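Each residue of the sequence shown is one higher than the last, beginning at 1 in UniProt numbering.
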Amino acid sequence: MLPMTALYPAETLKQLDQAEALSISLPELPQPSLCPLFWMEFKGHCYRFFPLNKTWAEADLYCSEFSVGRKSAKLASIHSWEENVFVYDLVNSCVPGIPADVWTGLHDHRQEGQFEWTDGSSYDYSYWDGSQPDDGVHADPEEEDCVQIWYRPTSALRSWNDNICSRKFPFVCKIPSLTIH
Numbered sequence: 001m002l003p004m005t006a007l008y009p010a011e012t013l014k015q016l017d018q019a020e021a022l023s024i025s026l027p028e029l030p031q032p033s034l035c036p037l038f039w040m041e042f043k044g045h046c047y048r049f050f051p052l053n054k055t056w057a058e059a060d061l062y063c064s065e066f067s068v069g070r071k072s073a074k075l076a077s078i079h080s081w082e083e084n085v086f087v088y089d090l091v092n093s094c095v096p097g098i099p100a101d102v103w104t105g106l107h108d109h110r111q112e113g114q115f116e117w118t119d120g121s122s123y124d125y126s127y128w129d130g131s132q133p134d135d136g137v138h139a140d141p142e143e144e145d146c147v148q149i150w151y152r153p154t155s156a157l158r159s160w161n162d163n164i165c166s167r168k169f170p171f172v173c174k175i176p177s178l179t180i181h
């Protein structure tokens with residue numbers, strides 16, 4: 001077999017070496033965002049925090065006004081510790097230093113104690129605060145059927161609480177991100 005220098009002139013070999021060096025040193029381009037403007041992507045879904053005080057039903061209706069393709073947004077469902085941290089940190093990045101209680105899509109409207117997500121996904125993860133859910137046994141006679149991520153100095157960070165659905169809190173919406181085929 002002939003050496004490369006016998007097959008190609010020295011100038012061509014130099015150009016090939018430069019091209020190879022360039023292709024190796026180019027950084028990977030980031031994937032295009034598959035979420036609408038102002039929404040944040042996390043593991044195949046898009047999330048957006050809305051610092052608007054709304055009842056749980058108003059917040060869910062507000063979320064449904066946003067869509068990607070044929071899918072409408074819903075109040076956020078949470079299926080892992082990582083997702084819970086992401087949602088809480090998303091809120092905290094928008095209102096730094098101000099702990100905010102925010103509505104999620106979890107509720108037990110249909111049957112007390114049987115929690116379900118508004119997006120129909122499985123209830124496979126929870127991070128209830130110590131004595132929660134308590135359905136408001138401590139104070140208000142009204143049932144607490146809607147779930148929020150809350151902040152209390154005595155509570156675990158990013159923990160959940162059931163609350164009265166007519167109370168007004170900010171909220172996080174979630175929608176599947178676009179898929180490119």
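Beta carbons are placed, not taken as given, at the ideal position from N, Cα and C, and that holds for glycine. Quick caveat: nothing in here was measured; it's all calculated off a predicted structure.
- Annotation for D89: the continuous alpha helix (DSSP H) segment containing it runs 81-94.
- Of the candidates K43, R48, F42, the residue whose Cα lies closest to the Cα of V95 is R48.
- Contact between the stretch 110-123 and the stretch 81-93 is absent, with fewer than three C-beta pairs closer than 8 Å.
- Look at E41 here: in three-state DSSP terms it is strand.
- In this chain, L34 is not harboured by any alpha helix (DSSP H), its DSSP state being neither H nor E.
- Inclusion of T104 and L61 in the CB contact set at 8 Å is not warranted, their separation being larger than that value.
- At a Cβ-Cβ threshold of 8 Å, S155 and W117 do not count as neighbours.
- For the 8 Å CB-CB criterion, F169 and V102 form a contact.
- By the 16-neighbour rule on beta-carbons within 10 angstroms, K174 is buried.
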